[in-house]
Ligand SMILES: Nc1ncnc2c1ncn2[C@@H]1O[C@H](COP(=O)(O)O)[C@@H](O)[C@H]1O
Ligand SMILES: Nc1ncnc2c1ncn2[C@@H]1O[C@H](COP(=O)(O)O)[C@@H](O)[C@H]1O
Ligand SMILES: Nc1ncnc2c1ncn2[C@@H]1O[C@H](COP(=O)(O)O)[C@@H](O)[C@H]1O
Ligand code: NA
Ligand code: NA
Ligand code: NA
């Protein structure tokens with residue numbers, strides 16, 4: 006089966022970056038592109054929320070929240086013990102992995118659509134839900150519960166960050182407007198989605214290529230962690246999905262979310278709230294290793310894993 | 006009936022602005038978005054112009070021109086007498102209200118389409134027509150007829166301003182190319198229109214939120230004026246529409262145009278030609294009060310008014 | 006028959022430029038627009054490449070490569086002998102005319118689609134092929150074969166320039182993904198193509214208007230050359246197309262490519278590799294004369310010429 | 033007559049003002065016979081409030097002119113006289129050296 | 033109390049730092065009673081590596097503040113103290129003159 | 033060896049040139065052992081005409097380098113020698129102080 010072209014755009018970006026081409030998305034274009042992606046994912050989740058009673062989703066939302074916290078608490082001791090990172094750095098990296106990457110989610114959704122595998126339409130809602138708890142736990146791990154005063158500002162930075170406002174805002178707009186309401190804005194936010202994602206992945210490829218050098222300098226631990234942690238996350242995500250009774254497609258998506266590491270909301274929040282944490286560590290790992298790993302190898306692997314898991318579950 | 010999502014984007018922008026989120030459209034994206042809107046409205050008007058003999062529209066064009074002048078001359082004494090504004094400030098604000106807001110027009114057209122209420126397809130032409138006379142009268146009120154020399158430059162600023170070139174240019178392109186000709190550029194300029202309008206309104210919401218503070222400082226008069234003047238305008242617009250025999254939808258649109266205040270062409274022209282006029286007054290009122298008032302409350306109200314008026318006319 | 010609206014956008018740009026309007030595309034928007042155009046043309050070529058055995062196209066690719074070299078070698082002595090240009094300037098201008106203008110190609114393809122004249126779908130491939138040889142020959146003419154050392158860097162600049170990476174990258178993505186694969190990104194890269202081309206031509210019009218002054222100063226030779234050279238190119242292109250047995254549409258396209266002068270890849274490469282060549286000469290001629298000449302008069306003329314040629318060929 | 037910044041001691045005159053007057057300001061500068069300047073799009077805050085740069089009405093530019101010391105003060109005064117009454121405007125001058 | 037750059041001798045304090053802290057930095061500057069500054073979006077390189085400016089995490093800003101000479105050093109120190117430990121930050125000061 | 037701007041007196045070297053040579057220029061600067069600079073996208077006018085910045089061929093950059101006074105002149109000369117013959121280029125130097 007052919008490769009999804011959006012992945013090819015990522016590969017093109019990496020190649021251009023390694024060839025030292027001067028190609029780059031101008032900053033305002035990158036902002037436009039990521040704005041459309043975030044709003045679009047939010048809108049999709051909101052439209053689904055409008056379709057079913059929100060209360061019915063509460064148990065799933067709770068489970069996903071707990072999953073975000075558990076993943077952060079799993080990653081932290083690994084980084085602290087095996088990786089010998091300082092407390093703040095371990096906490097920051099752990100929070101990135103407990104949180105979620107919108108771009109990876111979009112690639113996985115595209116992967117399923119491309120193969121005509123259905124999934125629960127409210128999955129984008131979980132992207133929004135999963136962004137937050139890991140960041141809060143990460144900050145707690147980094148700073149302890151001591152400095153009360155900064156919490157207000159921290160919550161403000163997390164909840165009023167650009168990406169969060171667009172995701173949650175899109176969700177609310179989609180929820181209030183509903184399926185019929187969003188028809189008129191579909192051509193921009195839904196039809197163009199894959200094309201815009203292609204441009205986004207092109208830039209992500211260029212950025213990832215730029216992080217390769219930094220990664221080699223920081224030693225092999227992060228390279229290994231950046232591929233092992235997604236696998237742990239995918240197993241956890243698959244188990245949660247089974248527990249929630251999600252479909253095959255939904256299982257693949259939740260596994261991918263758990264496996265993915267944030268590179269938009271988490272870096273922005275940590276930069277402001279825990280500036281001592283070095284962004285080079287978390288970004289190089291999440292963007293330079295985990296993101297390409299997930300979109301090229303991970304998603305097909307989680308697909309295979311979800312198939313096995315669904316089969317085994319059927320047997321029991 | 007559900008709320009149009011484009012309005013929700015405006016509300017999202019206001020909310021994000023008040024929450025002091027760092028969300029903002031980068032300047033080049035704002036320019037792209039407003040370019041597409043202006044060209045699109047011009048193109049639509051031009052395509053209609055191509056469909057019917059331009060001469061037939063002359064009486065309507067003349068009536069709309071006179072309406073723009075009358076509205077400016079109505080607003081000026083109100084601002085001078087009741088508001089106690091200086092001559093130049095009163096003239097500038099009056100010109101903003103005699104002119105028209107492209108964004109408000111677009112929201113009203115979307116409102117009608119959403120409710121499947123038809124309207125004369127040449128209405129965008131009136132947007133173009135209505136931009137100019139109020140600005141010229143406003144400059145005359147501010148400066149008197151004395152300084153001959155500056156008139157050439159003033160006309161140049163008004164007619165060669167970015168927004169005017171795009172509106173009139175789009176109109177001419179649409180006129181020459183005609184319905185068939187513009188088919189190939191429809192996906193960008195027509196299909197994406199509502200989505201692009203949503204992004205525009207998001208930014209307008211952010212800007213409006215930023216003007217709230219300024220408004221409170223300038224006292225209550227402008228707050229009242231910013232809601233009373235649209236009502237006066239809407240009544241005038243409805244009457245003109247009845248006189249011209251427009252349909253229900255056309256009446257709503259002309260009332261909305263009359264009720265709306267410019268925040269693109271007029272500010273740009275006045276900044277260059279009458280710099281003594283303080284933009285804070287006119288912009289805070291037109292963007293911070295009249296624009297949200299119109300899109301949230303005004304348009305449904307003018308719809309109701311137009312229905313009444315059409316019924317009364319039918320009775321006579 | 007109506008004029009294609011994309012041409013009207015160019016005319017609008019020229020008019021706005023001459024009227025000294027402040028209208029301009031912000032630099033990041035220009036970059037986005039040209040990125041989409043280049044990727045789109047590459048993708049289209051690649052999809053076609055996927056459809057037919059690449060080997061079958063080898064003879065055509067070779068013929069087009071030779072055509073690019075011949076055109077450069079034709080232009081050089083004209084510029085050196087008649088135009089009395091310095092060696093480097095003559096070489097630079099010649100390379101621009103041996104290379105190809107993506108914008109002109111897009112206008113010609115739109116012209117044919119508009120008139121429902123079919124053409125070989127792999128023509129975009131030739132755009133990519135034709136970009137390169139003229140630049141290399143031009144640099145050879147300017148610098149001689151002497152300075153070995155700079156060749157690596159020169160090839161890097163030519164092949165890793167932004168426009169080349171996007172064209173070739175799009176081609177490879179389209180090739181690997183194939184017709185089915187690119188379906189999901191069609192709305193952005195294919196459906197919006199003409200609208201995006203309209204914005205591009207608007208900016209090209211503004212730039213061309215700015216070059217009019219420079220052109221008059223550089224004397225009449227370049228004015229004449231900028232119209233004569235496309236005619237020579239079109240004749241060469243038509244002959245090559247006949248030799249290759251292309252359809253009517255394919256003949257028009259190849260003639261137009263041969264007639265067109267580069268203003269993206271060639272200027273960028275020469276600026277870096279042969280900085281002594283004055284860009285004012287080559288850009289003013291290619292953008293200020295040849296580009297408008299081709300899109301307004303040239304393409305219909307080459308259409309007429311191709312019809313004659315096809316008829317004459319039929320007679321033999 | 034056209035004058036360019038000559039080598040040696042010079043002044044850097046930085047003019048921050050509204051983007052709306054770019055054309056008028058450049059015309060004024062060129063009318064003094066100065067034809068070297070560099071423009072950047074900026075945002076900021078001053079006595080006339082915050083200018084966020086996000087849309088036309090709030091866009092600012094910074095025009096940097098390196099010129100002979102004797103012309104710097106004259107340029108600054110002329111620009112101030114012409115534009116300070118109506119527009120957000122801030123000017124500062126630094127010593128510079130053109131190598 | 034609000035202080036604006038007065039005419040006469042002054043200092044230009046140029047602060048280059050991460051775009052992420054724009055709001056915090058401006059709050060700090062304003063807390064010193066300074067309400068005039070100009071901001072530009074930039075990219076660059078320094079002791080903390082290359083900052084390409086192409087996306088959020090790598091975006092830099094340059095904030096130029098013209099103020100009274102006595103406050104320049106204090107401003108620079110306060111900003112350094114607050115932001116240098118956690119963020120990419122570079123400050124330099126030039127003599128200026130407000131005409 | 034890598035040198036960063038040290039605290040104390042320094043020079044600010046501002047280089048305005050064509051965006052096309054950004055990579056080459058930075059390589060030249062780094063070859064002198066300087067690894068601190070700030071880049072802004074600008075437009076402007078000079079002896080080689082107007083550069084509107086609206087598309088590739090007309091794009092300009094401004095590279096600001098703060099370095100030790102002894103290296104400033106050398107940097108400026110080296111850049112002039114390499115780029116002035118072929119490219120639009122303007123350099124000016126100001127006294128600066130790194131706090
Ligand atoms: N003290 C200052 N330092 C740096 N920039 C300033 C200063 N004062 C004003 N500006 C800039 O100049 C613009 C206009 O200033 P003003 O007319 O005082 O509002 C502001 O928006 C700032 O960008
Ligand atoms: N010597 C210098 N000259 C000019 N700009 C500098 C210099 N050093 C640092 N910068 C700027 O300040 C930012 C932060 O510097 P740093 O914290 O040293 O990485 C860099 O990304 C540059 O934009
Ligand atoms: N006197 C000057 N003051 C400020 N910037 C200048 C000056 N002269 C030239 N420039 C800038 O340097 C660029 C190249 O200069 P030139 O090589 O003289 O055309 C111009 O496009 C301007 O942006
Ligand atoms: Na995760
Ligand atoms: Na009105
Ligand atoms: Na050619």
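Chains as they are written, first to last, in our numbering: chain A, 6 to 321; chain B, 6 to 321; chain C, 6 to 321; chain D, 33 to 131; chain E, 33 to 131; chain F, 33 to 131.
Built from N, CA and C at the ideal position, the CB exists for glycine as well.
Remember, predicted model here, so these are calculated numbers, not experimental data.
Are the C-beta atoms of residue 121 of chain E and some chain F residue less than 8 angstroms apart?
-> Locating residue 121 of chain E in the fifth chain gives position 89, counting from the first residue. Not one chain F Cβ lies under 8 angstroms of residue 121 of chain E.
Give the secondary structure of residue 9 of chain A by DSSP, where H, G and I count as helix, E and B as strand, and everything else as coil.
-> In the first chain, the residue the question calls residue 9 of chain A occupies position 4. Note: residue 9 of chain A maps to coil in three-state DSSP.
To the nearest angstrom, how far is it from the Cα of residue 269 of chain C to the Cα of residue 242 of chain A?
-> Residue 269 of chain C sits at position 264 when you count from the first residue of the third chain. Residue 242 of chain A sits at position 237 when you count from the first residue of the first chain. Looking at the two C-alpha atoms, the distance is approximately 48 angstroms.
Would you list the residues sitting across from residue 124 of chain E in a DSSP beta bridge?
-> Translated into positions along the fifth chain, residue 124 of chain E becomes position 92. Answer by DSSP bridge pairing, in chain order: E:46.
Could you give the distance in angstroms between the alpha-carbon of residue 95 of chain A and the alpha-carbon of residue 82 of chain A?
-> Position 90 of the first chain, counted from the first residue, corresponds to residue 95 of chain A. Position 77 of the first chain, counted from the first residue, corresponds to residue 82 of chain A. Rounded to whole angstroms, residue 95 of chain A to residue 82 of chain A spans 8 angstroms at the Cα level.
Verify whether the separation of the beta carbon atoms of residue 183 of chain B and residue 55 of chain B is less than 8 angstroms.
-> Looking up residue 183 of chain B in the second chain gives position 178. Looking up residue 55 of chain B in the second chain gives position 50. Yes, they are a contact pair.
Assign residue 95 of chain D to one of three DSSP states: helix, strand, or coil.
-> Working through the fourth chain from its first residue, we reach residue 95 of chain D at position 63. The DSSP-derived three-state label of residue 95 of chain D is strand.
If you check the beta carbons only, do residue 129 of chain C and residue 49 of chain C fall under 8 angstroms apart?
-> Here residue 129 of chain C refers to the residue found at position 124 of the third chain. Here residue 49 of chain C refers to the residue found at position 44 of the third chain. Closer than 8 angstroms, so yes.
Less than 7 angstroms between the CB of residue 140 of chain F and some heavy atom of ligand 2, yes or no?
-> This structure cannot settle anything about residue 140 of chain F, because the visible part of chain F is limited to 33 through 131.
Kindly list the residues whose CB is nearer than 8 angstroms to the CB of residue 33 of chain E, restricted to its own chain and excluding five residues on each side of it in sequence; keep chain order.
-> As a working mapping, residue 33 of chain E is identified with position 1 in the fifth chain. In this predicted model, residue 33 of chain E has a pLDDT of only 36, less than 50, meaning its place in the structure is not dependable; the value taken from the coordinates is given anyway. Taken in chain order, the residues that qualify are 65.
In chain order, which continuous runs of the beta strand (DSSP E) of length 3 or greater are located wholly inside the stretch 61 to 111 of chain D?
-> 69 to 78, 81 to 83, 92 to 99
Check whether the Cβ of residue 231 of chain C sits closer than 7 angstroms to any heavy atom of ligand 6, and report yes or no.
-> Within the third chain, residue 231 of chain C is the residue found at index 226, counting from 1. No.
Look at the alpha carbon of residue 114 of chain B and the alpha carbon of residue 234 of chain C, and state the distance between them as a whole number of angstroms.
-> Position 109 of the second chain, counted from the first residue, corresponds to residue 114 of chain B. Position 229 of the third chain, counted from the first residue, corresponds to residue 234 of chain C. Approximately 50 angstroms between the Cα atoms of the pair.
What is the rounded straight-line gap between the Cα of residue 312 of chain A and the Cα of residue 75 of chain E?
-> Stepping through the first chain from its first residue, residue 312 of chain A is reached at position 307. Stepping through the fifth chain from its first residue, residue 75 of chain E is reached at position 43. Looking at the two C-alpha atoms, the distance is approximately 47 angstroms.
Chain-ordered neighbours of residue 127 of chain F on chain E, where CB pairs are closer than 8 angstroms | On the sixth chain, position 95 is the one that residue 127 of chain F refers to. Within chain E, the residues near residue 127 of chain F are 126, 127.
Min CB distance residue 136 of chain B to chain D below 8 angstroms = Locating residue 136 of chain B in the second chain gives position 131, where the first residue counts as 1. No - not a single Cβ of chain D is within 8 angstroms of the one on residue 136 of chain B.
Short CB-CB distance (under 8 angstroms) between residue 105 of chain D and chain E | For the purposes of this step, residue 105 of chain D is taken as residue 73 along the fourth chain, with counting starting at 1. By this cut-off, residue 105 of chain D is an interface position.
Report whether the distance from the Cβ of residue 189 of chain C to the nearest heavy atom of ligand 7 is below 7 angstroms.
-> As presented, the structure is devoid of ligand 7, carrying ligand 1, ligand 2, ligand 3, ligand 4, ligand 5 and ligand 6 as its sole ligands.
Given a threshold of 16 other Cβ atoms within 10 Å of its Cβ, counted over all protein chains shown, does residue 309 of chain B qualify as buried or as exposed?
-> Along the second chain, read from residue 1 onward, the residue named residue 309 of chain B stands at position 304. Per the 10 Å Cβ criterion, exposed.
By the 10 Å Cβ neighbour count, where 16 or more other Cβ atoms means buried, how is residue 290 of chain B classified, buried or exposed?
-> Your numbering for residue 290 of chain B matches position 285 in the second chain. It is buried - the Cβ of residue 290 of chain B has at least 16 other Cβ atoms within 10 Å.
Hey, out of B:139, B:294, B:201, whose CA is closest to residue 41 of chain B's CA?
-> By one-based count along the second chain, residue 41 of chain B stands at place 36. The candidate whose alpha carbon is nearest that of residue 41 of chain B is B:201.
Return the CA-CA distance between residue 93 of chain A and residue 59 of chain C, expressed in angstroms with no decimal places.
-> As a working mapping, residue 93 of chain A is identified with position 88 in the first chain. As a working mapping, residue 59 of chain C is identified with position 54 in the third chain. Straight-line Cα distance between these residues: approximately 55 angstroms.
For residue 119 of chain C, go through chain B and note every residue whose CB falls closer than 8 angstroms to its CB, in chain order.
-> Numbered from 1 along the third chain, position 114 holds the residue referred to as residue 119 of chain C. In chain order: 189.
When the distance is taken between beta carbons, is residue 44 of chain A closer than 8 angstroms to residue 127 of chain A?
-> In the first chain, residue 127 of chain A corresponds to position 122, counting from 1. In the first chain, residue 44 of chain A corresponds to position 39, counting from 1. For residue 127 of chain A and residue 44 of chain A, no; Cβs fall outside 8 angstroms.
Cβ-Cβ distance between residue 255 of chain B and residue 124 of chain B below 8 angstroms | In the second chain, the residue the question calls residue 255 of chain B occupies position 250. In the second chain, the residue the question calls residue 124 of chain B occupies position 119. In contact: residue 255 of chain B and residue 124 of chain B (Cβ atoms closer than 8 angstroms).
Chain E contact residues for residue 212 of chain A, given Cβ-Cβ distances below 9 angstroms | In the first chain, the residue the question calls residue 212 of chain A occupies position 207. Residues of chain E passing the Cβ test: 84, 86, 87, 89, 90.
Any chance the stretch 98 to 107 of chain A sits against the stretch 260 to 278 of chain A, with 3 or more Cβ pairs inside 8 angstroms?
-> Result yes; three or more Cβ-Cβ pairs closer than 8 angstroms.
Compare the C-beta of residue 118 of chain D with all C-beta atoms of chain B and state if any pair is closer than 8 angstroms.
-> For the purposes of this step, residue 118 of chain D is identified with residue 86 of the fourth chain, where counting begins at 1. Yes - at least one Cβ of chain B is within 8 angstroms of the one on residue 118 of chain D.
Looking at the C-beta of residue 56 of chain E, does it have a partner C-beta in chain D at a distance below 8 angstroms?
-> Indexing the fifth chain from 1 puts residue 56 of chain E at position 24. False, the Cβ-Cβ gap to chain D never drops below 8 angstroms.
Enumerate in chain order the residues of its own chain whose CB-to-CB distance from residue 16 of chain C is below 7 angstroms, with the five nearest sequence positions on each side excluded.
-> Numbered from its first residue, the third chain carries residue 16 of chain C at position 11. The answer, listed in chain order, is 210.
Which residues of chain B have a Cβ atom closer than 7 angstroms to the Cβ of residue 63 of chain D, listed in chain order?
-> For the purposes of this step, residue 63 of chain D is taken as residue 31 along the fourth chain, with counting starting at 1. Near residue 63 of chain D there are no residues of chain B at all, since even the closest Cβ is about 15 angstroms away, more than 7 angstroms.
Do residue 21 of chain C and residue 13 of chain C have their C-beta atoms closer together than 8 angstroms?
-> Numbered from its first residue, the third chain carries residue 21 of chain C at position 16. Numbered from its first residue, the third chain carries residue 13 of chain C at position 8. Not a contact, by the Cβ cut-off of 8 angstroms.
Please say whether residue 159 of chain A and residue 278 of chain A have beta carbons closer to each other than 8 angstroms?
-> Your numbering for residue 278 of chain A matches position 273 in the first chain. Your numbering for residue 159 of chain A matches position 154 in the first chain. A contact, by the Cβ cut-off of 8 angstroms.
Assuming residue 172 of chain B and residue 46 of chain B form a contact by the criterion Cβ under 8 angstroms, report the distance between their Cβ atoms to the nearest whole angstrom.
-> Position 167 of the second chain, counting from 1, holds the residue named residue 172 of chain B. Position 41 of the second chain, counting from 1, holds the residue named residue 46 of chain B. The beta-carbon separation of residue 172 of chain B and residue 46 of chain B, rounded to 7 angstroms, stays under the 8 angstroms limit for a contact.
Residue of D:110, D:90, D:101 minimising C-alpha distance to residue 57 of chain D = For this step, residue 57 of chain D is matched to residue 25 along the fourth chain. Residue D:110 is the option with its Cα nearest to residue 57 of chain D.
Output yes if chain C places a C-beta closer than 8 angstroms to the C-beta of residue 263 of chain B; else output no.
-> Position 258 of the second chain, counted from the start, is the residue given in the question as residue 263 of chain B. So no, residue 263 of chain B is outside the interface.
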